[in-house]
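Asks:
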Amino acid sequence: MTPGRILVTRLRQIGDVILTLPVVEALHRAFPGARIDYLAEEGPAQAAEGHPAIDRVLALGRGPVAALLPAPPGLLVRLRGARYDWVVDLYGNPRSAALARWTGAPVRIGPDRRGRRRLYTHPVPSPGAVPAVAHHLAMLAAVGIEAPPAAPRLHLAPAELERGRGLLEGALPSDGSRVGLHVGNRWPAKRWPEERFAALLRALPRLGARGVLLAGPGEEPLARRIAEAAGPGLPAPVIAGLPLREYWGVIAALDALVTNDGSPLHAGPALGVPTVGILGPTEPEIWFPYDPRDGHQLLCREIWCRPCHRHECDRLDCMDWIEVADALAAVRRALGRGGAARASA
């Protein structure tokens, strides 16, 4: 059956939603006449906004929901009333599986996990430790849609891009290359040491570049500490407190981005910005599926205890072994390939 109405779901995590966007594009290529909706929680749903292959973004609030209901009644009515032909659930937790079943779609594709597989018509076994984009595309392969891995792309409106350029120019007027440093993460084990970021900030002028510190919710004090640690002779602006899509507009105006693991790791490449990703206790072969030919650089050390996926660690050797010289060399390569990254965006 050729679907006329498709719902794609990935409820949580901004970076994870970014990594699902190639699935939307593959569905649009396979069924150009189909309506495609996307369902996610309110924050992550912003990654789907403006995408030319998506007709409607449905945001799932995180407020209280009546007992035994997977979503507020109004949203449940909309999902059932949409009469989807296909649902592609790329999350597969109990809530997203229940929502897929609730739609009544005759084709429901989702992960083959214990206790939930019964809610899908096409439960798909895990393809194993493959890059995240390939993992999501494997869902489509189960229903006969073969799609090569592709880089995710965020789509900002011209006004959003212009606003981001203005914010960056106001913080750090253009005079040479501008490198953003996203220094935070809510999990301590995923943060490169503060003193290393400060030292990198001091070293950037050797490349003819200057740094600007970027801070997400709750990260501004950390960013300001690093800015102060860089020294009084090197003013380092901090951009903080922005709505998510304004923050992406600032990233889009950068010449390169250096970031810990987290959603900026995926937003940078998805905006065509050469991105240096610093990864510690995780699996880079899964979570950094980005091409160095586009300027994207991975900083990650092979170490006996990785991947541990810990949120906290007493040693943090995986981060400590990444030197400032390594990061500076990666930024040099990123800046040198910047044109290739933007040409591919």
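Residues in the sequence shown are numbered consecutively from 6, following this note's numbering.
Note that CB positions come from ideal geometry on N, CA and C, so glycine has one too.
1. Between S101, G66, W107, L74, which has its C-alpha nearest L84's C-alpha?
2. Sorted by chain position, which residues of the same chain lie with C-beta nearer than 7 Å to H160's C-beta, five sequence neighbours on each side aside?
3. For G254, which of D180, V13, V278, A232 has the nearest alpha-carbon?
4. What does the alpha-carbon distance come out to for the pair R10 and G341?
5. By alpha-carbon positions, which one of L259, G149, H140 ends up nearest to L185?
6. Return the CA-CA distance between P99 and L227, expressed in angstroms with no decimal places.
7. Quick one: grab the DSSP three-state call for P128.
8. Counting C-beta neighbours from all protein chains within 10 Å, is the total for A330 16 or more, i.e. buried, or is it exposed?
9. Just the Cα atoms here: how many angstroms apart are M6 and G109?
10. For D90, count neighbouring C-beta atoms within 10 Å of its own C-beta (all shown protein chains included) and say buried if the count is 16 or more, exposed if not.
11. Taking three-plus beta-carbon pairs below 8 Å as touching, is the stretch 40-49 in contact with the stretch 161-172?
12. Thinking C-alpha only, which one of R306, P242, E151 is nearest G216?
13. Considering only heavy atoms of the ligand ZN, does any lie closer than 6 Å to the CB of G9?
14. Helix or strand or just coil, what does DSSP make of L16?
15. With the cut-off set at 7 Å, would you say R24 and A137 are in Cβ contact?
16. What's the gap between the Cα of L142 and the Cα of R40?
17. Could you tell me which of P111, R207, D94, R201 sits nearest to W326, measuring between CA atoms?
18. Buried or exposed for D296, please, with buried defined as at least 16 other CB atoms from any protein chain shown within 10 angstroms of its CB.
19. Bridge partners of A220, per DSSP?
20. Considering Cα atoms alone, identify which of V28, P27, E30, L63 is closest to Y43.
21. Grab me the residues of L303's own chain with a C-beta within less than 6 Å of its C-beta, minus the 5 sequence neighbours each way, in chain order.
22. With a threshold of 8 Å on Cβ separation, who are the neighbours of E199 within its own chain once the five nearest residues in sequence on each side are excluded?
23. Could you spell out where the alpha helix (DSSP H) holding L227 opens and where it closes?
Replies: Taking the geometry as given:
1. Here the closest residue by C-alpha is W107.
2. So the qualifying residues of the chain are G55, H56, P57.
3. In terms of CA proximity to G254, V278 leads the group D180, V13, V278, A232.
4. Going by the C-alpha atoms only, they are around 44 Å apart.
5. Reading off the sequence shown, one finds Gly at residue 185, where the question assumed Leu. The candidate whose alpha carbon is nearest that of G185 is L259.
6. The alpha-carbon atoms of P99 and L227 are separated by roughly 36 Å.
7. P128 falls in the strand class under three-state DSSP.
8. Exposed, by the Cβ-count rule.
9. M6 and G109: Cα-Cα distance of roughly 15 Å.
10. So D90 ends up on the buried side.
11. Flag = no, the stretch 40-49 and the stretch 161-172 do not touch.
12. Taking each of R306, P242, E151 in turn and checking the Cα distance to G216, the smallest one comes out for P242.
13. You won't find the ligand ZN in this model; it holds no ligand whatsoever.
14. In the structure shown, L16 sits in coil (DSSP, three-state: anything other than H, G, I, E or B).
15. Reading the sequence as shown, one finds Leu at residue 24 and not Arg. At the C-beta level, L24 and A137 come within 7 Å of one another.
16. A straight line joining the alpha-carbon of L142 with that of R40 spans about 19 Å.
17. When only C-alpha atoms are compared, the closest one is R201.
18. Exposed is the label assigned to D296, since fewer than 16 other Cβ atoms lie within 10 Å of its Cβ.
19. Looking at the DSSP assignment, A220 forms a beta bridge with A245.
20. Residue L63 is the option with its Cα nearest to Y43.
21. Excluding sequence neighbours, L303 sits near G282, P289, F293.
22. The beta carbon of E199 is closer than 8 Å to those of V188, L227, R230, I231, A234 in its chain, skipping five residues each way along the sequence.
23. For L227, the enclosing alpha helix (DSSP H) begins and ends at 225-234.
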